[in-house]
Amino acid sequence: MNTIDWTRDELVAYILLFAANADFKELYKEREIIISKIDKTTFQDIHDEFNGDNDYQGIKKITLSLDQHNYNKDELDMLLEDIKVLFFSNKEFTVLEQNMLRFLKRLLKK
Numbered sequence: 672m673n674t675i676d677w678t679r680d681e682l683v684a685y686i687l688l689f690a691a692n693a694d695f696k697e698l699y700k701e702r703e704i705i706i707s708k709i710d711k712t713t714f715q716d717i718h719d720e721f722n723g724d725n726d727y728q729g730i731k732k733i734t735l736s737l738d739q740h741n742y743n744k745d746e747l748d749m750l751l752e753d754i755k756v757l758f759f760s761n762k763e764f765t766v767l768e769q770n771m772l773r774f775l776k777r778l779l780k781k
């Protein structure tokens, strides 16, 4: 896997799905937040792909796609803010979500 043929919206959807599943539960509110960022068709396509991937494959796809799209610091900061909104959508910020946020910060700002 040397390249990922994703649009920026598809990448955002995948990252947000990755984050939403940090606690192994994908809540309705989290799905709604993700769908508010992208269209439903893109969400479903990426969701299907996400469900077929393991964590290693997901991380690899995220890093490759981030490199391909050349996100700048401001764009990465906005993406991290979207992830935080997702985590706080159910008014509970679990330890698993906290760990995922730390991991994604490191991954996105490498």
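In terms of this note's numbering, the sequence shown opens at residue 672 and continues consecutively. C-beta: ideal position from N, C-alpha, C; glycine also.
Assign residue i to buried or exposed, taking buried as 16 or more other Cβ atoms, counted over all protein chains shown, within 10 Å of its Cβ.
i, result
"M749", "exposed"
"S707", "exposed"
"K732", "buried"
"F759", "exposed"
"E752", "exposed"
"Y727", "exposed"
"F714", "buried"
DSSP on residue i, reduced to helix/strand/coil?
i, result
"I704", "helix"
"F689", "helix"
### Task
Say whether the stretch 703-721 touches the stretch 682-691, bearing in mind that this needs 3 or more beta-carbon pairs closer than 8 angstroms, one atom from each stretch.
Enough Cβ pairs lie closer than 8 angstroms, so yes.
### Task
Report the residue ranges of all beta strand (DSSP E) runs contained in full by the stretch 704-774; include only those spanning at least 3 residues, in chain order.
Those beta strand (DSSP E) runs which fall completely within the stretch 704-774 and span 3+ residues do not exist here.
#### Entry: Cβ pair count under 8 angstroms reaching 3, the stretch 708-725 against the stretch 766-778
No: the two stretches stay apart, fewer than three of their Cβ pairs being nearer than 8 angstroms.
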